[in-house]
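Scroll down for the structure; my scribbles are underneath it.
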Amino acid sequence: MGIQQIREAIRAHPANVSYTERGIAPLFTASRRSKLVIIGQAPGSRAEASGIPWDDKSGETLREWLGVSDEQFYDPDVISLLPMDFYFPGKGKTGDLPPRKDFAPLWHPQLLAEMPNIGLRILIGAYAQAHYLGDRQERNLTETVRSATSYLPDFFPIVHPSPLNFRWQKKNPWFAEEVLPRMRSLVAEVIDR
138 MGIQQIREAI RAHPANVSYT ERGIAPLFTA SRRSKLVIIG QAPGSRAEAS GIPWDDKSGE
198 TLREWLGVSD EQFYDPDVIS LLPMDFYFPG KGKTGDLPPR KDFAPLWHPQ LLAEMPNIGL
258 RILIGAYAQA HYLGDRQERN LTETVRSATS YLPDFFPIVH PSPLNFRWQK KNPWFAEEVL
318 PRMRSLVAEV IDR
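Under the working numbering, think of the first position of the sequence shown as 138, with each following residue one higher.
What follows is the structure, given as structure tokens:
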């Protein structure tokens, strides 16, 4: 099954009917030629409305962190964008609701099997890290991100680029000083292959 067929299967899946009936498409990008995959949480309401992944301040920050242009970021032949859920989960008391737990286990393996050239998977935030790293994670997100290079060559975990994480970044200056430069270097290597 190809990527377009998987996209259609996602639309048709009973768990996604309420989105499909409202004209909301699954929000992800992928190509057989993708070199890098970014796995985040789930689209926000703004991304859902525009149909563009990472269409917000977090996306601007993420592109800066990665050291890539908008063109590279949104070119699926270069970068695939696979959130843990391809639909906006709704608002909760303190922010967006979490992605559905059974979503990524069902769809990610099928999509990743269609992308044989992936050189690196960047895991953004606790949900992606829990799913892909499992018991290999450190005791918390901060320690997992601090140990990012220990998950190479397959994975590189980072904190979410949300403007709300400014306190975390201020408290953990090593992230900007050590982790981001290493990630930029890896991203450039993978893209230039």
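By construction, the Cβ of each residue, glycine as well, lies at the ideal position given by its N, Cα and C atoms.
For residue i, the nearest candidate out of the options (CA to CA)
i    : options                   : result
G282 : P290, Y224 and H297       : Just to set this straight, residue 282 is Val in the shown sequence, not Gly. The option with the nearest alpha carbon to V282 is H297.
R332 : A152, R330 and R144       : Here the chain comprises residues numbered 138 to 330, so residue 332 is not present and cannot be evaluated.
K308 : A285, F293, M320 and E280 : E280
L289 : F303, G196, K194 and V327 : V327
G177 : V316, A241, A285 and D272 : A241
P300 : T198, I189 and A167       : T198
Q209 : L249, H150, Y269 and V174 : V174
F303 : S195, I255 and Y264       : S195
S168 : S155, V215, G160 and L243 : V215
T166 : W244, V316, R273 and Q306 : W244
M138 : L249, L278, A265 and Q306 : L249
A347 : L218, Y264, W202 and H150 : Missing from the structure shown is residue 347; the chain here goes from 138 to 330 and no further.
G232 : Q306, P310, H150 and A179 : A179
A340 : I255, D272 and G256       : The structure shown has nothing for residue 340, since the chain only spans 138 to 330.
Residue j beta carbon less than 8 Å from that of residue i
i    : j    : result
F223 : S182 : no
E251 : I140 : yes
D193 : A186 : no
L260 : P294 : yes
For residue i, the three-state DSSP class (helix, strand or coil)
i    : result
I161 : coil
L317 : helix
S217 : strand
P151 : helix
I328 : helix
P298 : coil
Straight-line Cα distance separating residue j from residue i
i    : j    : result
G204 : P318 : 9 Å
A146 : D291 : 27 Å
K228 : L234 : 5 Å
Y239 : W191 : Correcting the residue type first, residue 239 is Asp in the shown sequence and not Tyr. Taking the straight line from one Cα to the other gives about 22 Å.
R258 : A267 : 14 Å
R330 : L164 : 27 Å
S284 : E158 : 43 Å
S171 : K230 : 36 Å
L270 : S287 : 11 Å
M320 : Y211 : 18 Å
E315 : I189 : 30 Å
P246 : R148 : 17 Å
W305 : S217 : 27 Å
Residue i CB to nearest heavy atom of the ligand GTP below 7 Å
i    : result
L278 : This structure simply doesn't include the ligand GTP, nor any ligand for that matter.
Quiz item: At which residue ranges does the region 219 to 282 contain complete alpha helix (DSSP H) runs of 4 or more residues, listed in the order of the chain?
Solution: DSSP runs (the alpha helix (DSSP H)) wholly in the region 219 to 282: 240 to 250 and 262 to 270.
Quiz item: What are the start and end residues of each continuous alpha helix (DSSP H) run of 4 or more residues lying completely inside the region 169 to 196, in chain order?
Solution: With a minimum length of 4 residues, the continuous alpha helix (DSSP H) runs that stay inside the region 169 to 196 are 182 to 187.
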